[in-house]
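Here is the structure we will look at.
In mature numbering (1 follows the signal peptide of the UniProt record, and there is no 0), the protein residues as written are -20 to -1, 1 to 434.
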């Protein structure tokens, strides 16, 4: 399948050049017995104008912070109406200007090394109003870490044949380990555990500040539960990931491919384990790159499923998004909409005939230029949408894009909500792990992405 881009389609990136009532009453007097009889007219209903309410934040593994972002209001055809900014606390509470159909938020930032970034999020069809707790942008700066020095001499003497996990990048057999080991830790808490022939035993370590931690066998009191993957359909090229959280801190994470997991040696260093006694919340994912479908060689695909882990270590067998002819047909239609030389839109999506679980489709464009740096533009849809060409007034300065790529992500969230409510719930959940877990949207989750670099 050859993906083409018309001049009109590419023009959108030239256009995208960011710079910086009351009621009344009346009376009707009639004369009766020479006394006035005043009749009150009903007060007209108050007109409530559609509004937008949100808080823009930047997030990474260590913090959430409010940001000042540009806000652009667009007509149904994507034309610029006016612009605004979020306040210093990230909040925007505003009546929508007349004829508003879509809204874009734009956030400029730099990372620790001075590299420039621009992130754009466009919210379609908000003419009736839009409310979301938070709208998250990626904080491109790295988190600071705390230096933790682990003293292992006592633990080595007490359990020399055990393997210790999460004090370094790889597991260590204690009898072969040095007496001290240092790590720089981002998280405020870390789950450290050992594996012997009889059990996995763990403990929680405070890593919120620089410290020297002496580890002894007496600290390891919580018994782990190995995950039961026997009921899962894992493809030969599948990659298995486990993440465990306490609050918003990821205290344990591990990744293993299916081939390594099924090798007998892995059972001697099995990290697919949870610790209920430490009140962790865990999710397991299975992902795979590549597809059996007839995409062109320069198209890459990624299939992903995610499910919560119960206290017994069991996980639900979530089926991946269906790979079939309806998916290739729908993607071809999207590709053709990019290549139409007469188009007056950015893209046309119609994924209504694919896997019925899919309730969200997201287009993400990325490109680079010297002025804005690395740029990403995200548009969330319900899978059936004509996305117009957008203009941004004087908020943005036209620059030819370099290294343009487009990714389509089809998502099946665990929800029966109507799309506008689902979109708000999904965007709000991105603020933190605790919000994602509370939303239940990811308890049984599947996604399928198709990417191509132009």
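Built from N, CA and C at the ideal position, the CB exists for glycine as well.
Remember, predicted model here, so these are calculated numbers, not experimental data.
(message) Short of 6 angstroms in beta carbon distance, which residues of its chain neighbour residue 437, apart from the five on each side in sequence? Order them along the chain.
(response) The requested residue 437 is not part of the displayed model; the chain covers only -20 to 434.
(message) With a threshold of 8 angstroms, are at least 3 pairs of Cβ atoms found where one atom belongs to the segment 325 to 344 and the other to the segment 69 to 86?
(response) No: the two stretches stay apart, fewer than three of their Cβ pairs being nearer than 8 angstroms.
(message) On the DSSP letters alone, give me the boundaries of the beta strand (DSSP E) that residue 433 sits inside.
(response) It spans 424 to 433 - the beta strand (DSSP E) in which residue 433 sits, taken as one unbroken run.
(request) Starting from the N-terminal side, write out each stretch of the alpha helix (DSSP H) that is 4 residues or longer and does not extend beyond the segment 195 to 245. (result) For the segment 195 to 245, whole alpha helix (DSSP H) runs of length 4 or above, ordered along the chain, are 238 to 241.
(message) What would DSSP say about residue 126, mapped onto helix, strand or coil?
(response) In this structure, residue 126 counts as strand in the three-state DSSP scheme.
(request) With a floor of 3 residues, list each beta strand (DSSP E) that falls wholly inside the segment 243 to 309, ordered by position along the chain. (result) List check, beta strand (DSSP E) in window: 261 to 269 and 279 to 288.
(message) Which of the three DSSP states is assigned to residue 313 in this structure?
(response) When secondary structure is reduced to three states using DSSP, residue 313 falls in the helix class.
(message) Here's the rule I'm using: 16 or more other beta-carbon atoms within 10 Å means buried, otherwise exposed. How should residue 47 be labelled?
(response) Counting C-beta atoms within 10 angstroms of its own C-beta, residue 47 has 16 or more neighbours from the protein chains shown and is therefore classed as buried.
(request) Taking only runs that begin and end inside the segment 356 to 415, name each unbroken beta strand (DSSP E) of 3 or more residues, in chain order. (result) Unbroken beta strand (DSSP E) stretches of 3 residues or longer found wholly inside the segment 356 to 415: 364 to 368 and 382 to 392, given in chain order.
(request) Tell whether a beta-carbon distance below 8 angstroms holds between residue 104 and residue 359. (result) Yes, Cβ-Cβ distance for residue 104 and residue 359 is below 8 angstroms.
(request) Go to residue 136, then tell me how far its alpha helix (DSSP H) extends in each direction, as first and last residue. (result) That run of the alpha helix (DSSP H) goes 133 to 138.
(request) Quick one: grab the DSSP three-state call for residue 62. (result) Here DSSP, grouped into helix, strand and coil, assigns residue 62 to strand.
(request) Would you mind sorting residue 291 into buried or exposed? The rule is 16 or more other CB atoms within 10 Å of its CB. (result) Taking a 10 Å sphere around the C-beta of residue 291, we find fewer than 16 other C-beta atoms and assign the residue as exposed.
(request) Rounded to whole angstroms, what's the CA-CA distance from residue 496 to residue 207? Just pull it up for me. (result) The structure shown has nothing for residue 496, since the chain only spans -20 to 434.
(message) Once the 5 residues before and after residue 211 are set aside, which same chain residues still bring their CB inside 6 angstroms of it?
(response) Excluding residues within five positions, the ones whose Cβ falls inside 6 angstroms are 297.
(request) Go ahead and label residue 299 buried or exposed: buried means 16 or more other beta carbons lie within 10 angstroms of its beta carbon, across all protein chains shown. (result) The Cβ neighbour count for residue 299, taken over all protein chains shown within 10 Å, is under 16; the residue is labelled exposed.
(request) Express the C-alpha separation of residue 430 and residue 121 in angstroms, rounding to a whole number. (result) Spanning the two alpha carbons is a distance of roughly 28 angstroms.
(message) residue 303 and residue 273 - do their beta-carbons sit closer together than 8 angstroms?
(response) Yes, the pair counts as a contact, with Cβ atoms nearer than the cut-off.
(message) Can you look up residue 318 in the DSSP assignment and give me helix, strand or coil?
(response) Annotated three-state conformation of residue 318 is helix, per DSSP.
(request) Assign residue 127 to one of two classes, buried (16 or more other C-beta atoms within 10 Å of its C-beta) or exposed (fewer than that). (result) Its Cβ having fewer than 16 others within 10 Å, residue 127 is exposed.
(message) residue 395 and residue 402 - do their beta-carbons sit closer together than 8 angstroms?
(response) Yes; because the gap between Cβ atoms is below 8 angstroms, this pair is in contact.
(message) Check whether the segment 302 to 318 and the segment 266 to 285 touch, using three or more Cβ-Cβ pairs below 8 angstroms as the test.
(response) Contact annotation: the segment 302 to 318 touches the segment 266 to 285, with at least three C-beta pairs closer than 8 angstroms.
(message) According to DSSP, simplified to helix, strand and coil, what is residue 167?
(response) In this structure, residue 167 counts as coil in the three-state DSSP scheme.
(message) Can you give me the C-alpha to C-alpha distance between residue 193 and residue 162, rounded to a whole angstrom?
(response) If I take the Cα positions, the gap works out to 10 angstroms.
(message) Rounding to the nearest angstrom, what Cα-Cα distance links residue 279 and residue 89 in this structure?
(response) Distance between the alpha carbons of residue 279 and residue 89: 30 angstroms.
(message) I need the DSSP call for residue 155, collapsed to helix, strand or coil.
(response) Residue 155 falls in the helix class under three-state DSSP.
(message) Can you list, in chain order, the residues of its chain with a C-beta nearer than 7 angstroms to that of residue 11? Leave out the 5 residues immediately preceding and following it.
(response) Residue confidence for residue 11 is low, a pLDDT of 43 falling below 50, so the modelled location carries little weight and cannot support an answer.
(message) Pop quiz: residue 419 and residue 111 are said to be a contact at Cβ under 8 angstroms. What is the actual Cβ separation, rounded to whole angstroms?
(response) Between residue 111 and residue 419 the Cβ distance is about 16 angstroms, and since that is not below 8 angstroms, they are no contact.
(message) In whole angstroms, give me the CA-to-CA distance for residue 425 and residue 301.
(response) Just so you know, the alpha carbons of residue 425 and residue 301 end up roughly 10 angstroms apart.
(request) Return the CA-CA distance between residue 422 and residue 286, expressed in angstroms with no decimal places. (result) Spanning the two alpha carbons is a distance of roughly 7 angstroms.
(request) Might you give, ordered along the chain, the residues of its own chain that have their beta carbon closer than 7 angstroms to the beta carbon of residue 61, omitting 5 neighbours on each side? (result) Contacts found: 53, 54, 55, 77, 79 and 80.
(request) Mind the definition here: the segment 258 to 268 touches the segment 214 to 223 only if three or more C-beta pairs lie below 8 angstroms; say whether that holds. (result) Because the criterion of three Cβ pairs below 8 angstroms is met, the segment 258 to 268 and the segment 214 to 223 touch.
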